[in-house]
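Below is one structure, written out as structure tokens; the observations come after it.
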Amino acid sequence: MATASASIGVGRAGVKHTTLVYLVDQAASRILLALKKRGMGAGKVNGPGGKADVSAGDTSIRATAIRETQEEMGITPTDLQARGLISFVFTNDGEHSWDNDCTIFFGTQWDGEPTESDEMAPEWHPLDAVPYDRMWPDDELWLPDLLAGKEVYWQFTFDGDAIVDSASYADLPTMLAAIGAPEAAALDA
Ligand SMILES: Nc1nc2c([nH]c(=O)n2[C@H]2C[C@H](O)[C@@H](COP(=O)(O)OP(=O)(O)OP(=O)(O)O)O2)c(=O)[nH]1
Numbered sequence: 001m002a003t004a005s006a007s008i009g010v011g012r013a014g015v016k017h018t019t020l021v022y023l024v025d026q027a028a029s030r031i032l033l034a035l036k037k038r039g040m041g042a043g044k045v046n047g048p049g050g051k052a053d054v055s056a057g058d059t060s061i062r063a064t065a066i067r068e069t070q071e072e073m074g075i076t077p078t079d080l081q082a083r084g085l086i087s088f089v090f091t092n093d094g095e096h097s098w099d100n101d102c103t104i105f106f107g108t109q110w111d112g113e114p115t116e117s118d119e120m121a122p123e124w125h126p127l128d129a130v131p132y133d134r135m136w137p138d139d140e141l142w143l144p145d146l147l148a149g150k151e152v153y154w155q156f157t158f159d160g161d162a163i164v165d166s167a168s169y170a171d172l173p174t175m176l177a178a179i180g181a182p183e184a185a186a187l188d189a
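Letter by letter, the sequence shown follows residues 1 to 189 in my numbering.
Now the structure itself:
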């Protein structure tokens, strides 16, 4: 079981810091997603990702993003850019153990071929046909902006699978102030 680390990633203190990775094959205008087979969001299509884990050797949230993509898809991203932060709050869990503050990465290069793992089954989708009906409901609010080259800063409050509140922010400092998180020198530290 991985443990959260307040020293890696950006977001609220005492909340899991996590990653999501979106890889695009620009030559073929397609995005690499995957069916999540177990754990949080099982049955949904998502990018690879997961929580920061110092015990797994993570030295930065970027290292977490690379390790999770290796573990879940068998490939190594080589040009990841940190492009946003999404803060997830889950009201259905009184202990808020599902809450996570997630750094969003975008990339176009990787080593290896996407391979199914115990956690994920990779799927390619055309960039103009992202399967939002099989994804978390907030994704269609921000993933199009990410794919258009923008940075994305959002907070979503969920009750189970339903969004009950949301807010978007102009930039990282504005978002961190709004969610009560410490200031950060960099998104991918
Ligand atoms: N696309 C998308 N991903 C989400 C949403 N909510 C949410 O927690 N996630 C992602 C962010 C993280 O990558 C993951 C939660 O982190 P986690 O580490 O608890 O999940 P996990 O079961 O994959 O565990 P692990 O790989 O770290 O062992 O789920 C959402 O609304 N949309």
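Beta carbons: idealized from backbone N, C-alpha and C, even for Gly.
Rounded to the nearest whole angstrom, the CA to CA distance from W110 to L147 is 17 Å. R62 sits in a helix when the DSSP states are folded into three classes. Spatial neighbours of D165 in its own chain (CB-CB distance under 7 Å, excluding positions within 5 residues in sequence) are listed in chain order as T157. The C-beta separation of P131 from R30 comes to about 12 Å, leaving the pair out of contact by the 8 Å criterion.
Sequence-distant Cβ neighbours of S168 in its own chain, meaning closer than 6 Å and more than five residues away, are W154. Contact between the region 88-95 and the region 45-56 is absent, with fewer than three C-beta pairs closer than 8 Å. Taking a contact as a CB-CB distance under 8 Å, the pair E151 and R62 does not count as one, their CB atoms being some 16 Å apart. Boundaries of the beta strand (DSSP E) around P126: M120 to P126. The beta carbon of L35 sits no closer than 8 Å to any heavy atom of ligand 1.
Here the C-alpha atom of G149 lies approximately 12 Å from the C-alpha atom of Y22. In this structure, R12 and S87 form a Cβ contact; the two beta carbons are roughly 7 Å apart against a cut-off of 8 Å.
Here V21 carries a strand assignment [DSSP, helix/strand/coil]. Counting other Cβ atoms within 10 Å of its Cβ, G180 stays below 16 and is therefore classed as exposed.
With distances taken between CA atoms, T108 lies nearest to V24 out of A28, E72, G9 and V24.
Across the structure, D138 and A162 are spaced so that their CA atoms are roughly 9 Å apart. Closest in C-alpha terms to R134, from the list A28, G41 and P77, comes G41.
Separation of the CB atoms of E119 and K37 is rounded to 6 Å, and the pair is thereby assigned contact status at 8 Å.
Beta-bridge pairing by DSSP links K16 to N100. With a cut-off of 8 Å, the C-beta of D138 is classified as near ligand 1, since at least one heavy atom of the ligand falls inside that distance.
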